[in-house]
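Per the numbering used here, the sequence shown runs over residues 20 to 1232.
Beta carbons: idealized from backbone N, C-alpha and C, even for Gly.
If you're wondering where the values come from, they're calculated on a predicted model, not measured in any experiment.
So the structure is just underneath, and the comments pick up after that.
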Amino acid sequence: LSTQPAGQPKLTAQTPSTANTPAAPYRTDYELSGSYVSLECPSPPGPPVCGPEGRRGDPQARLANYLRTLYNELALKEPVLPSWVHPVAPGVLCPARLEPELRLHIHSHGLNEAIGVDQILTPVQTKDGPFLEAPRRVLIECPPWVTRGALALRILHGWSREPPWPPRGQPVALALFLPLTELRGTIANYIGKELLPRGPPNPFASGFGGFSAAWNSLEALKGKLLIVLDGYDVQCKTRKSKTMPKDVIDLLEGRLFPEARVILISVTASCTELLPLMQRHITFEGLVWGRSVSLLGGGQWGAPTRLIDTVQSCRHLRNIARTTLGCLAIAAIYESSGGELPTDELDVIASVFNCVAANSSHTQVTELGRLALFCLKTKRSTVTSAELKMYCSSPETNIAGCLDRAQLFGRTAKRKSDQYYTIICPGLAEFLAANYIVSLANRPGLLAAEIAGLAVGDEVEPEILKVLNFAMALLGARAHLLLSKLTPLWLSPQTIFSLALAGGETEANLTALCEMLGISKSPPVPPLEAKPIWVSIKSTLSELQGWGLAFKSPTCTLKNLELVYQMEKNMLLESRNVMDIFLDALSKNESVTTLRITSLIENEVRDSDINYLASCISKALVKPRLESFELILTLLEEDPPILKLQSVVTALCRTIPRQPKLSNLSLDLGLCTSQLVQICATLEKCPHVTRLSLPHLRCERGAVGALAALLTVRPLSYLGLPSSWGARDDPPSSSGVSMGSGSGSSSGNSGLIKQSSLTGAPSPRSYPTGIFSSLPRGVLSSTANMGRSATLPRQPMEGPPDKRSTDSVISRTWYPTPACDGGPHNSGTLHELLLAARDTYSRLHGLDLSKAQLSLEDSMCLGETVRVSTTLHSIKLEGASRLSEILPTVLGASESPSLQMMSLGSPRIALEDAAVGMSARALGSCITLRLLSLDGWSFRIENVGTLASVRGFLSLTSVRELGLNNCRLNMSMFKSDVPVQSGAYECRSVVNLKLAGAQIIFADHLSMKGPHMLPYLVGFVNLRELDLSAPSRTGFGSTSTTPLILSDKDIVGFFNTLNNHFSHLNTLKMCNWIIHLDEAARTLKSVAKLLKSSPLSHIKLDSVVVMDRPKKQRIEPQFLHAFLANLPLLRWLGITLHGLSEEQITTLGNHCGDMRGMEIDVRLSDSTIENARLMTSSLGMDGKFDIRVSTFGTSNSILIHIEKTSTKSLSRK
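This is the structure we're talking about:
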């Protein structure tokens, strides 16, 4: 139209220029097809308000007009208020006044920004910068306590109130609402026959076009059509076919109305399967705080300030106030209680329940609680009226106040009164379910069955955990009835601790807690586990609180405890309070006798934090019956101040004298010389401390002098200096550790005892190259004016170059005696300490210098100490890098009158004929030696005379336990096909032989490993324990060599040899074996027959892989069944499960029921809680086995003790 002059009337419908113009159809005038609408047009014109002419002219317009009226009427309808609600302002509770808190989902969009109802379908410019385009499909995720129909009506009311909606972007011309709970047929059938009324109110009753015409025209609306769906989760769970109607599936997958916009409102449990179909993910978190404040005041801004402040400051009250009825309940409680509100979670929910369901009987509460527990387990958010009648005998009583009835929309649903209910506020469903659990406390059978059904999946859901927490709190002193029915197989230690805290600190509750943790009785220590059982506690709030409870129980039997102290830069007061409570509980505990405290101290830690750590150490040290204490503090600073931990040292010196039971002390905290002198001065006054270990100590001369004085004044029975360093002024070459270039290992005679092998200037008092020096025994000449050795030199170690090494002195029947030339040593600082150790009045029984930096002079001095000491029982020199470090000790052992244990394991030691013969003669001469460990050594034998020396050692030795793990024996004079002659050697003293990872290499370069070595061991006639494990293939210390794969013949031959030659053998370790069977059934049958007459009682089968080669299937359960069902004396079986399917683990558990022995212990050190649960599920059904599971507070160290409860035959047919 052109601009009209002022005062001229506007054109009307009667103007001749337009009177004869035909009326344009609705879709042409108003562009409902959306051809011009785009995101670039921020405010396009909306559809008109259709009058009677529009209704007759276009069926689509009539449908839109009616739906606007319907949605507006439903959204403004006031709900029926329960009797406990105080009067509120009119209209405040209708869905149109709902103010939801909607946020973008943090995991889907990377931000959690709040958006309004009008922004659900519009582009969003976030505060952090990202621009989100307008979505076509939106998922609104709701918690289960939300009435989702009200949210749907709030969205539809926005569209029906005033067009255009949404205000920005493409407007909606027509909105359809589909409550899927009422949908029984097609979408068109529901809209036309259920949502639209009958008679005159029907927009199509006049006959000018029908609903079919309107429905068929919806496709043309494209993006202007909005469909809001609700009840997806209910539809999925209630339909018997477990599938959605085809129309709904086509709509969600884009086959029906592909360009229409869809808003789907669902609960969290159903969101995972819907997310791939959606473009925007929104969470509905309840009412906005402003709306909650209004409702607390009865719908007006008149709530008391104290009420608002209390609700806002209490998280549990704030959660209740996220729903409309929750706000009204809080207001009613506030008024009835005189302005007081509870703040504890359970008290808050209990007060809400007493408000909304006053005077409800115990039966009514338990009936509704049973229904609530069913819904929580199945992740149902709504219940139907039929289910309510089925579970509750009186659903129309006050107990119904706990439920909020959803609005019905369809004619059929209203006629049948198929009501749907949701809980009125968060936490109330868990409270009702907890009351049901409490009602079963005196019915142990029903309680156990109900508890067993709570773990539906691999983990317990948070809602179920809240139910258990509430039940424990409600039971109080009787909480042990519930705690004893729980199992650690599906509850983490942190969960157990939270439940125990909720139940209270009664003696019965604490006893049940200790039983769950496996510390109420002394757990059966597996006989093949070398290390004792430790429990490690991190200084987190939950662990400190939980273990603090356990330590208060008189039934606690835990012996070894490690506290991992996590030093935080900003430690909260609450953390320190919990730590103090834990230490108070530990100080009253009488079972823990060994305590280890470890901490990693970061850079720039405050002195106040170190002082607090020192105070914690002081409190822990004074606990009763503490016998062993270890302190390991590691500073991450590159060059920390020398006295940074002085407060800790001061605390130790002040507290150690106050602990009369302390006998073993280990301090690894980088002590400087002055601090060590301070500690030694304290220990001189502590006769009860007899064992001292100082790992990673810098052995300055002052520090060594202090230790020597301590040995003299206060004799120690054990001294450990593992991984100790030399003095700062020592030359690098004075250490036995190779710090320069070149290899640190020794081979043959090179570097055995030659001082020339150690670079650097020789000592003025040293003997010539290659010569041992020895002073007269018991005589130490003055060293003030000594320029060289005071004794005559012995015969040189090296012969002419043309002579074989076997002609050297070490191959003769005598060998040099290690001796010290006197001190102080020119290189090395240990002379004064070792001199005190070999003193006549010394009481030192054990010495540990593993991985310590030893000079050649220190090694010789140590050799003399071993030779002359009458009290030294054990020596550990593990991890040596050169033979010259340990050979003096080996030679000194030949004359030792008291040495019983020698551990010299090292992977860097290699011996040839001369050294092998020399060592064999020396060790064979030590008649007191009982335990010898040479793990990792390599032996190369090329001379028959060397074999005679080894044979003499085996026949003369008194060693009971011989450790040769990972050793390599190179026998280049024999071929692998030469059979072993009977009587080739005989060893009657060794009863425990450890050959894990060992191998024999022959002249044809074939090696014998694992079970192939058994024929060569028949000379050990009295063996009782044998370890033939293969090297580990994974983890720390694993090997990359080609694994040994055993065949049918190997396995049958192995057990046949065991039966024929090892009649006393009762313990066998065969870990990491790989077995491939071609005739699995036949081989296992043969093995089972051999095992029936076997004396084996203890077997360790960690990481064994058994494969049926033709079928390409793993059959470890069948292999283990051969042991369980056929060994008559089986007492202990240790296995490590990994890589097995759930079916195989279940089968293994079934096989445990066929054991012929009375009890077994299954150690699952590298397994999971789920595997343990699967394994024991079948054993606990028939009641024939007593199963005790000990987790020791962790989830990766599980001990399952299975014991028969009767002597009857329990074989399964």
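- DSSP places E1178 in the strand class (E or B) of the three-state scheme.
- Positions of the alpha helix (DSSP H) runs, each at least 4 residues long and wholly inside the segment 679 to 759, are given as 692 to 702 and 720 to 732 in order along the chain.
- In the three-state DSSP reduction, H892 falls in the coil class, being neither helix nor strand.
- In the three-state scheme derived from DSSP, where H, G and I count as helix and E and B as strand, P295 is classed as helix.
- Under the Cβ criterion (8 Å, minimum of three pairs), the segment 998 to 1005 does not count as touching the segment 1013 to 1024.
- Nearest C-alpha to L275 among T343, T205 and V286: T205.
- For the set Y1035, C635, I134 and I442, the Cα lying nearest the Cα of R167 is the one of I442.
- If you draw a 10 Å sphere on the C-beta of Y860, you find fewer than 16 other C-beta atoms in it, and that means exposed.
- Here M1194 is near I1164, since their CB atoms are less than 7 Å apart.
- By the Cβ neighbour-count rule, L170 is buried, with 16 or more other Cβ atoms within 10 Å of its own.
- If the five residues before and after R673 are omitted, its C-beta is found closer than 8 Å to the C-beta atoms of S637, all from its own chain and listed in chain order.
- Counting C-beta pairs with one atom in each stretch, the segment 339 to 358 and the segment 366 to 376 have three or more that are closer than 8 Å, which means they touch.
- Taking a contact to require three or more Cβ pairs closer than 8 Å, the segment 317 to 337 and the segment 194 to 210 do not qualify as touching.
- Under the three-pair Cβ rule at 8 Å, the segment 119 to 131 does not count as touching the segment 182 to 190.
- The Cβ-Cβ distance between T947 and L918 falls below 7 Å.
- In the pairwise beta carbon analysis, the segment 918 to 937 is classified as touching the segment 885 to 894: at least three pairs are separated by under 8 Å.
- A distance below 7 Å separates the beta carbons of R1043 and H1083.
- Rounded to the nearest whole angstrom, the CA to CA distance from K1223 to Q1137 is 21 Å.
- Taking a contact to require three or more Cβ pairs closer than 8 Å, the segment 416 to 434 and the segment 174 to 181 do not qualify as touching.
- Taking R979 as the centre and dropping the five residues before and after it, the same chain places the C-beta of R949, L950, S1008, V1009, V1010 and N1011 closer than 8 Å to its C-beta, in chain order.
- In the three-state scheme derived from DSSP, where H, G and I count as helix and E and B as strand, P907 is classed as helix.
- Exposed is the label assigned to M1177, since fewer than 16 other Cβ atoms lie within 10 Å of its Cβ.
- Ranked by how close their Cα comes to the Cα of R116, the residues L100, L95 and A604 have L95 in first place.
- Distances from the CA of C691 to each of Q665, K1130, I1064 and P154 were compared; the closest alpha carbon is that of Q665.
- With respect to the 7 Å criterion, L563 and F516 are not classified as neighbours on the basis of their beta carbons.
- Excluding its 5 nearest sequence neighbours in each direction, S311 has C-beta neighbours in its own chain below 6 Å: A340 and C346, listed in chain order.
- Y440 carries a strand assignment under DSSP once its states are collapsed to helix, strand and coil.
- At a Cβ-Cβ threshold of 7 Å, P114 and A233 do not count as neighbours.
- The C-alpha of Q438 lies about 13 Å from the C-alpha of P198.
- In terms of CA proximity to E97, T343 leads the group P119, T343, F303 and G242.
- V165 counts as buried, since at least 16 other C-beta atoms from the protein chains shown sit within 10 angstroms of its C-beta.
- For H499, the three-state secondary structure derived from DSSP is helix.
- In the structure shown, M1089 falls within a coil segment according to DSSP collapsed to helix, strand and coil.
- Exclusion of the five residues before and after V486 leaves E449, A452 and A453 as the residues of its chain whose Cβ lies within less than 6 Å of its Cβ.
- DSSP, read as helix, strand or coil, puts C411 in coil.
- Runs of the alpha helix (DSSP H) spanning 4 or more residues and lying entirely within the segment 378 to 432 occur at 381 to 397 and 404 to 410, in chain order.
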